[in-house]
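Asker:
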Amino acid sequence: MNVNQSIIISVMKKISTLIAFIVCCMMAFGQGVHFEDLTLDEALAKAKAENKLVFMDCYTSWCGPCKWMATEIFPQKEAGDYFNPKFISVKYDMEKGEGLKLKDKYKPSGYPTFFIIRPDGSIQHKMCGGRNLEATIARMEVGLNEKTCLDYLNQTYAQGKMDKMQLIRYFLVLQEAGEGEMGAKVEKELDATLSDAEKCTKEYWPLIRWAKYGSDKFYFVLKYVDAYRKNVGKEVVDESLSATFYSTISNSGHGYTREQQTQLLKQVRQDLGKVDLADKEELIRNIDILEAGFAQDVKKVISFARQASDKNIWVLMQAIEAVQEKATKAELKQIMALSGQMIATADEGTREYVKEFFDELKKAEK
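Start counting the sequence shown at 137; every next residue gets the next number (this note's numbering).
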């Protein structure tokens with residue numbers, strides 16, 4: 137065998153391996169959720185014959201989360217392993233064909249909305265929004281259980297037979313279903329019924345976890361933070377508080393007057409003083425950066441920019457924007473000289489936006 141033949145054989149082996157790999161990948165994704173091209177009536181009849189339920193995906197062509205579920209979640213083998221033995225799965229565009237009638241009948245709360253439907257056409261469960269596969273299966277399990285599904289809880293509530301823990305579960309299911317009006321009603325009942333100790337439980341935590349900064353619920357968490365850490369877990373509670381503080385600080389530069397911005401940051405600084413968090417110093421630093429920007433302190437903003445981290449890129453851009461008009465040409469050049477460092481420091485999800493920000497700043501500099 138000559139050298140050329142050896143090379144050809146080696147290349148062919150590599151190509152064969154690559155083809156086998158591609159085929160395996162295609163097979164894995166081909167084993168995802170099997171959506172059938174059926175009318176709903178046909179799907180219901182097939183579900184009855186096979187002793188299954190119907191899983192209905194209500195989507196639109198313009199819905200981003202719908203496309204994400206369709207391309208990233210449902211094609212996974214694990215999704216197929218879970219769904220296919222239990223459901224006749226169908227999907228309908230709510231803006232065309234049969235979807236127009238189904239939209240009027242089943243009333244999706246947004247897109248995507250997913251229904252678990254019995255063979256007689258009645259709704260057993262309803263869920264809104266995209267989720268990763270693990271969360272999707274978890275919410276499907278809630279819907280498959282006849283004691284936790286939306287239909288059962290609706291009936292139990294209407295009969296006035298719910299205890300406090302059931303009422304909490306009912307609220308969470310209503311949230312998942314996008315039933316905002318009913319959810320608000322149940323939430324008011326919970327607020328009036330539960331004691332402070334009952335609100336500090338692991339079961340209640342999902343209702344208060346993402347309480348808006350400055351709300352009564354947010355200050356309730358701050359007041360009983362030790363109880364929540366004990367009952368829910370310190371890492372979970374602290375992560376939630378840090379995220380709320382960070383979001384509030386990061387968004388303080390928009391939609392407020394300068395006086396309101398100053399007062400808001402002052403209040404956030406005070407509230408941070410009431411709780412120990414691992415990233416407390418970083419959060420306070422973000423406040424310092426924005427306050428420097430709002431005070432038009434160009435030199436201080438540049439100093440902060442030299443020490444940029446992925447935790448403060450967003451607020452640094454706001455501070456730079458705030459001092460842009462006051463900054464001299466020399467100071468703007470100093471800021472632009474730091475652009476490469478800031479772009480490199482930004483996390484992957486923010487990097488492109490940071491690049492665009494400095495591109496626009498460079499145009500303005502000219």
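Just so you know, even glycine gets a beta-carbon here, dropped at the ideal spot from N, CA and C.
Computed from a predicted model, the values in this text were never measured in an experiment.
#1: How far does the alpha helix (DSSP H) with Y306 in it extend, from its first residue to its last?
#2: For L426 and Q454, which I take to be in contact (beta-carbon distance under 8 Å), what is that distance rounded to the nearest angstrom?
#3: Does the count of Cβ pairs from the stretch 268-275 and the stretch 286-297 closer than 8 Å reach three?
#4: Just how far apart, CA to CA, sit A473 and I438?
#5: May I have the straight-line CA-CA distance separating Q260 from S245, to the nearest angstrom?
#6: When the distance is taken between beta carbons, is G279 closer than 8 Å to P211?
#7: In chain order, what residues of the same chain lie with their CB nearer than 7 Å to the CB of Y489, ignoring the 5 residues before and after it?
#8: Check whether the Cβ atoms of K335 and F307 sit closer than 8 Å, and answer yes or no.
#9: What does DSSP give as the partner residues of C264 in its beta bridges?
#10: In three-state DSSP terms, what is Y349?
#11: Measuring alpha carbon to alpha carbon, tell me which residue in C285, G316 and E315 is nearest Q302.
#12: Within the same chain, show all residues whose beta-carbon is closer than 7 Å to that of K491, passing over the 5 residues directly before and after it, in chain order.
#13: Would you list the residues sitting across from S225 in a DSSP beta bridge?
#14: Could you pull the start and end residues of the alpha helix (DSSP H) that G279 belongs to?
#15: Just mark P248 as buried or exposed, buried being the case when its beta carbon has 16 or more other beta carbons within 10 Å.
#16: Buried or exposed: C485, going by 16 or more other Cβ atoms within 10 Å of its Cβ?
#17: Since F452 contacts I423 with CB under 8 Å, what's their CB separation in whole angstroms?
#18: Skipping 5 residues on each side, what residues in its chain have a beta carbon closer than 7 Å to that of T175?
#19: I'd like to check one pair, M230 with T207: are the Cβ atoms closer than 8 Å?
#20: In chain order, what residues of the same chain have a beta carbon less than 7 Å from the beta carbon of R345, not counting five sequence neighbours either side?
#21: Taking the C-alpha atoms as reference points, what is the distance between C202 and S225?
#22: So, at 7 Å on beta carbons, what are the nonlocal neighbours of R442 in its own chain, with the 5 sequence-adjacent residues on each side left out?
#23: Are the CB atoms of R394 and F430 within a distance shorter than 8 Å?
#24: Output the residue ranges of the alpha helix (DSSP H) runs that lie fully inside the stretch 377-457 and measure 4 residues or longer, sorted by chain position.
#25: How is the alpha helix (DSSP H) around W341 delimited, first residue to last?
#26: With respect to the alpha helix (DSSP H) encompassing W204, which residues constitute its N-terminal and C-terminal limits?
#27: Quick one: Cα of V309 to Cα of E325, how far?
Answerer: On the basis of the supplied data:
#1: K300 to A313
#2: 6 Å
#3: no
#4: 10 Å
#5: 15 Å
#6: no
#7: none
#8: no
#9: T249
#10: coil
#11: C285
#12: I479
#13: F171 and F191
#14: L269 to L280
#15: buried
#16: Sequence inspection shows Gly at residue 485; the Cys mentioned does not correspond to that position. Flag for G485 reads exposed.
#17: Position check: residue 452 holds Leu in this sequence, whereas Phe was assumed. Not quite, the Cβ-Cβ distance comes to about 13 Å (not below 8 Å), so this is no contact.
#18: E234
#19: no
#20: S376
#21: 15 Å
#22: L474
#23: yes
#24: 394-408, 416-430 and 434-442
#25: W341 to I344
#26: G200 to W204
#27: 15 Å
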